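Beneath this line is the structure, given in structure tokens, with notes to follow.
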Amino acid sequence: MYFRREELSFARYFIGLISIICLSATLFTFLTFLIDVTRFRYPERPIIFYAVCYMMVSLIFFIGFLLEDRVACNASSPAQYKASTVTQGSHNKACTMLFMVLYFFTMAGSVWWVILTITWFLAAVPKWGSEAIEKKALLFHASAWGIPGTLTIILLVMNKIEGDNISGVCFVGLYDVDALRYFVLAPLCLYVVVGVSLLLAGIISLNRVRIEIPLEKENQDKLVKFMIRIGVFSILYLVPLLVVIGCYFYEQAYRGIWETTWIQERCREYHIPCPYQVTQMSRPDLILFLMKYLMALIVGIPSIFWVGSKKTCFEWASFFHGRRKKEIVNESRQVLQEPDFAQSLLRDPNTPIIRKSRGTSTQGTSTHASSTQLAMVDDQRSKAGSVHSKVSSYHGSLHRSRDGRYTPCSYRGMEERLPHGSMSRLTDHSRHSSSHRLNEQSRHSSIRDLSNNPMTHITHGTSMNRVIEEDGTSA
1 MYFRREELSF ARYFIGLISI ICLSATLFTF LTFLIDVTRF RYPERPIIFY
51 AVCYMMVSLI FFIGFLLEDR VACNASSPAQ YKASTVTQGS HNKACTMLFM
101 VLYFFTMAGS VWWVILTITW FLAAVPKWGS EAIEKKALLF HASAWGIPGT
151 LTIILLVMNK IEGDNISGVC FVGLYDVDAL RYFVLAPLCL YVVVGVSLLL
201 AGIISLNRVR IEIPLEKENQ DKLVKFMIRI GVFSILYLVP LLVVIGCYFY
251 EQAYRGIWET TWIQERCREY HIPCPYQVTQ MSRPDLILFL MKYLMALIVG
301 IPSIFWVGSK KTCFEWASFF HGRRKKEIVN ESRQVLQEPD FAQSLLRDPN
351 TPIIRKSRGT STQGTSTHAS STQLAMVDDQ RSKAGSVHSK VSSYHGSLHR
401 SRDGRYTPCS YRGMEERLPH GSMSRLTDHS RHSSSHRLNE QSRHSSIRDL
451 SNNPMTHITH GTSMNRVIEE DGTSA
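Per the UniProt record's numbering, the very first residue in the sequence shown carries number 1; after that it's consecutive.
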């Protein structure tokens, strides 16, 4: 309406390029969230919904770039002497659909930013935890989607839909100044006032915590970094939004003059009398509209700075290499469930950790079940009765030698079969020679058994150890 065809073509390509950049940034943020949905919890979860809203806004502007002015404007009809006009009202279904999506998600994005400042305020001032804030998630969603939905329905009922021949989309308040004031400027200004107030209160509270409460250097650095991230993200959002609001104020102030100037120029061009005299003439600059569309789209890009970190790069690398995050989470949970790990966290620094068998056998150790069985066998042997049986159990399983002589184990069996009192008949010489023969044979047979048999499992810390220790003291 106000610009030449070349200027409109340049503006359309400019808006299309910015919409692609914003769409890529917000889509990356949303996909990063989908890779690990547990990473972004409250109070920072609203950033994801904020990114989704501006992803839809940039998508609508990209669709408008592809459609050019086929939806925003009515086609001309030279046969009926009709020129191309701007679409107004809800008779054009495509224009109505573009308006609904664009206006709804524009307002929803601003509401989600306000909710983000509310969650930060609850975390900083009353010191709410993530679980307590998450309990209010239903209220947050009802407000973020309900308020824009109500405003959209009101505008549909009032039939305030207008086409934009510059961007190719449909919006509200492009030519109706009253609709611009009450349905665009008023909500945006309210969101800015509420959001900035809560943001400043939260930052002041965090700064007071940093100054008054003594923290470790690591926690101090984390708190300072968190405050810097909040400040940078808020500035990257507020500056473009304030520029857009300034453009809207300037536009609604000079809209009447621009329209009368356009009428005056058309009257002169077609040599027709004008209905009234124009005292002040002014034409809008293209840079004003380019700035408005640029800031309206770039306001969604700050979300990528919040998720941009080394952890995000690691998650994307793991995703492309086919690794599953669930395996990493399960492995970390298994480590946390280890009794030794929990004991190391809760124990006194001067108390040693007692490691218990978990039922898995390795070389040189036995399982819990085998330890219990050996203990039961040992108790039965100790009840049976003699020191010689304990000595034979210590040396291992012995058998009859190849040369026909009895090993200590077989000799013990003969001993047990003798009647009571037979041992007293042995003379001192026979006792000495028998003991010498027993020691020599048991030593050689033990060496042969150790070389032929597999390694036996020695149970540490069970009743078997106590029996062996008693044998050593009695010997």
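Every residue gets a Cβ at the ideal spot worked out from N, C-alpha and C, and that includes glycine. These figures come from a predicted structure and were not determined experimentally.
query                                                                                                                                  : result
Backbone CA spacing between residue 193 and residue 155 [nearest angstrom]                                                             : 24 Å
Residues of its chain near residue 201, where Cβ-Cβ distance is below 7 Å and the 5 sequence neighbours each way are ignored           : 121 and 125
Straight-line Cα distance separating residue 274 from residue 268                                                                      : 8 Å
Distance between residue 198 and residue 118 (C-alpha atoms, nearest Å)                                                                : 6 Å
Candidates 8, 135 and 290, of which the one nearest residue 243 by Cα                                                                  : 290
Rounded separation between residue 317 and residue 230 - CA only                                                                       : 27 Å
Span of the alpha helix (DSSP H) around residue 281                                                                                    : Note, residue 281: premise wrong, no alpha helix (DSSP H); not H, not E.
Inter-residue Cα distance where the pair is residue 136 and residue 145                                                                : 15 Å
For residue 87 and residue 72, believed in contact at Cβ under 8 Å, the rounded distance                                               : 6 Å
Top-ranked residue by Cα proximity to residue 70, from 98, 49 and 52                                                                   : 98
Entirely enclosed alpha helix (DSSP H) segments - the stretch 106-186, minimum 4 residues                                              : 130-134, 137-158 and 177-180
Where residue 37 sits in the DSSP three-state scheme                                                                                   : coil
Cβ-based burial, residue 104 [other Cβ within 10 Å; buried from 16]                                                                    : buried
Secondary structure of residue 71, DSSP reduced to three states                                                                        : coil
Span separating the alpha-carbon of residue 232 from that of residue 31                                                                : 22 Å
Residue range of the alpha helix (DSSP H) that includes residue 293                                                                    : 286-298
According to DSSP, residues forming a beta bridge with residue 193                                                                     : DSSP output for residue 193 lists no bridge partner at all.
Rounded Cβ spacing between residue 140 and residue 115 (contact assumed at less than 8 Å)                                              : 5 Å
As assigned by DSSP and simplified to three states, the class of residue 85                                                            : strand
Start-to-end residues for the alpha helix (DSSP H) that takes in residue 313                                                           : 310-320
C-alpha gap between residue 57 and residue 165, whole angstroms                                                                        : 17 Å
Buried versus exposed, by CB contacts within 10 Å (16 or more), residue 92                                                             : buried
contact_flag[the stretch 42-55, the stretch 1-14] where n(CB pairs < 8 Å) is 3 or more                                                 : no
N- and C-terminal bounds of the alpha helix (DSSP H) containing residue 303                                                            : 302-307
As assigned by DSSP and simplified to three states, the class of residue 254                                                           : helix
Counted within 10 angstroms of its Cβ, other Cβ atoms place residue 237 as buried (16 or more) or exposed                              : buried
Pair within 9 Å by beta-carbon distance, residue 187 and residue 110                                                                   : yes
Residue 4 in three-state terms, based on DSSP                                                                                          : coil
Contacts around residue 255, its chain only, beta-carbon distance under 6 Å, and the 5 residues preceding and following it disregarded : 177
Euclidean distance between Cα positions of residue 107 and residue 40                                                                  : 23 Å
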